[in-house]
Amino acid sequence: MYFRQLLNEPTACASYLFGCKSRAQFAVVDPHVDLVDEYLRLAEGQGIPITAVFETHVQADHVSGLPELVAHTGAVAYLPDGAGVDFEHVALGDGQVVELGNTSVQALSTPGHAEAHQAYAITDRTRSDEPWLVLTGDALLVGDAGRPDLHAHGETTAEDMARELFRSIEERLLALPDYVALYPAHYSGSVCGRGLSAVPASTVGFERRHNPALRFESEDAFVAALVRDIPPAPAGQGEILAANRAGRPLAAA
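The opening position of the sequence shown corresponds to residue -16 in the working numbering, with each subsequent residue numbered one higher.
Next comes the structure, spelled out in structure tokens:
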């Protein structure tokens, strides 16, 4: 399996290009609009087409590169069921699997940062039928958990979202084996967390033992800590969300 993490330093966003070389199928997860040319360059260098583009959720802090990637490659767009976007895509339900040759991508419903949020467990079947790594989006970060306020709306409060996130982490992500490599959508410098590590990768086991956001003995304590001293929202959050839901450039949304 080919796997490459790409970092956008101005926004501290991480995205991923991976897939099966022998069956010539690559995918991108959480593409950043400023890195579209780089995904295309890397895939072309490997001689492999990008056939799938995934979002863990509708992004609120940066413009997605998904529409541009799909336009360039003809790839299928995959988003969590209920994402509420206005462009053609496949809505993935919890547990659904997308096959990329010998690489499989399983959607794990992990609401809390956003109501429609999924992590993606990646398996290289040439090595094992068990997941090798998990792309956690904004749910579980290295050294922190995702902020619960950016997608709270109507009668749903940040506290409500934090409770969902607690259950997502406890019941879905920490249910994975300790050896599973963990790759988040953000690292230190992002507005999507407070105590993020500058190292943009970890394992489920290391975060289980050493992530400060997971050291609370109860759901109530986790929620209270997560909603305390929430940093300011990203600049232009409303416009960014509208652009990403519409699948258009920021100025045209």
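Glycine included, C-beta positions come from ideal geometry on N, C-alpha and C.
DSSP three-state assignment for residue i, whether helix, strand or coil
i, result
"Ala135", "coil"
"Glu27", "helix"
"Ala236", "For Ala236, the pLDDT reaches just 42, beneath the cut-off of 50, and the residue's location in the model is therefore unreliable, although a value from the coordinates is still provided. Correct three-state label for Ala236: coil."
"Arg(-13)", "strand"
"Ala35", "strand"
"Gln220", "helix"
"His239", "Absent from the structure is residue 239, since the part of the chain shown begins at -16 and ends at 236."
"Phe149", "helix"
"Gly230", "coil"
"Tyr257", "Lying before the first or after the last residue shown, residue 257 is absent from the chain, which here runs from -16 to 236."
"Leu209", "helix"
"Gln188", "The displayed chain sequence assigns Gly, not Gln, to residue 188. Here Gly188 sits in helix by DSSP."
"Ala102", "strand"
"Ala168", "coil"
Closest residue to residue i among the options (Cα-Cα distance)
i, options, result
"Ala208", "Ala74, Gly176 and Ser47", "Gly176"
"Val11", "Ala(-5), Ala226, Ile31 and Thr(-6)", "Ile31"
"Val59", "Val73, Gly48, Ser47 and Val68", "Val73"
"Asp44", "His15, Thr56 and Asp161", "His15"
"Gln187", "Glu142, Gly57, Ile105 and Ala164", "At residue 187 the sequence reads Val, which differs from the Gln that was named. The option with the nearest alpha carbon to Val187 is Ala164."
"Phe(-14)", "Phe9, Pro217, Phe70 and Asp20", "Phe9"
"Glu154", "Pro94, Leu0 and Ile223", "Pro94"
"Val68", "Glu113, Pro232 and Ala226", "Ala226"
Contact under 8 Å by Cβ, residue i with residue j
i, j, result
"Pro131", "His100", "no"
"Leu75", "Leu62", "yes"
"Gly84", "Gly2", "yes"
"Leu159", "Ala104", "yes"
"Gln286", "Ala66", "Residue 286 is absent from the model: the chain starts at -16 and stops at 236."
"Glu138", "Val206", "no"
"Arg108", "Ser87", "yes"
"Gly178", "Gly129", "no"
"Val117", "Ala135", "no"
"Glu21", "Leu(-11)", "yes"
"Ser(-2)", "Asp17", "no"
Boundaries of the alpha helix (DSSP H) in which residue i is found, first to last residue
i, result
"Leu62", "Not the alpha helix (DSSP H): Leu62 falls in the beta strand (DSSP E), residues Val59 to Pro63."
"Phe199", "That residue, Phe199, is in no alpha helix (DSSP H); it is neither H nor E in DSSP."
Limits of the unbroken beta strand (DSSP E) element including residue i
i, result
"Glu51", "It is not in any beta strand (DSSP E) - Glu51 instead sits in the alpha helix (DSSP H) that spans Leu49 to Thr56."
"Glu82", "Val80 to Leu83"
"Gly2", "Cys(-4) to Cys3"
"Ser180", "It is not in any beta strand (DSSP E) - Ser180 carries neither H nor E in the DSSP assignment."
"Thr140", "That residue, Thr140, is in no beta strand (DSSP E); it is neither H nor E in DSSP."
Report yes or no: do the stretch 153 to 171 and the stretch 182 to 195 share at least 3 C-beta pairs separated by less than 8 Å?
yes
Three or more C-beta pairs under 8 Å: does that hold for the stretch 116 to 127 against the stretch 36 to 44?
yes
Would you call the stretch 142 to 157 in contact with the stretch 185 to 199, where contact means no fewer than 3 C-beta pairs closer than 8 Å?
yes
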